[in-house]
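Student: Got a structure here, written out as structure tokens. Questions coming.
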Amino acid sequence: MALEALLIEDSKTQAAQIKETLESVGLEVRLAYDGPDGLREATDNPPALIVLDVKLPTMDGFQVCRRLKRNPVTQDIPVIMLTERADPKATMSGLRAGADDYIPKDIFAAEHLVNTLQELGIL
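Those letters in the sequence shown? Residues 3 to 125, by this note's numbering.
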């Protein structure tokens, strides 16, 4: 059985691209399009990995990450933030919120994501 990843991303276009990258390395991908749905999904059916956008409606990725890391059910699930916010302050906020990695969405994002999954021992 393939490992499951939960992708929390509000852009359907970007979600499709990221999902394709994760599936290309053998992961099954479930999608949530906002923070509250992502938190519910992660708690009800904990995945092996969470890929999380920062800019989300209703609750940003930093808030989602902090809640995931405070919840005993989800605190040990690796969280990778994948976002357009690439400034150092945002990166520090993501890591302080408990993210295992913080990846800017650029031309190297897919490669960086796969490398991170290997480093975390997920692949």
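From the three backbone atoms N, C-alpha and C, an ideal C-beta is built for every residue, glycine too.
#1: Excluding the 5 residues preceding and the 5 following LEU115 in the sequence, name in chain order all residues of the same chain whose CB lies nearer than 8 Å to its CB.
#2: For GLY37 versus LEU58, is the C-beta spacing smaller than 7 Å?
#3: Short of 8 Å in beta carbon distance, which residues of its chain neighbour VAL66, apart from the five on each side in sequence? Order them along the chain.
#4: Is the distance from the Cβ of SER13 to the Cβ of PHE64 below 7 Å?
#5: Rounded to whole angstroms, what is the Cα-Cα separation between GLU86 and LEU8?
Tutor: According to the data block:
#1: Same-chain partners within the cutoff: ILE20, THR23, LEU24, VAL53, ILE82, LEU84 and ILE105.
#2: Yes, Cβ-Cβ distance for GLY37 and LEU58 is below 7 Å.
#3: ILE10, GLY37, GLY40, LEU41, LEU54 and LEU58
#4: No, the pair does not count as a contact, with Cβ atoms beyond the cut-off.
#5: Taken atom to atom, the span from the alpha-carbon of GLU86 to that of LEU8 is near 19 Å.
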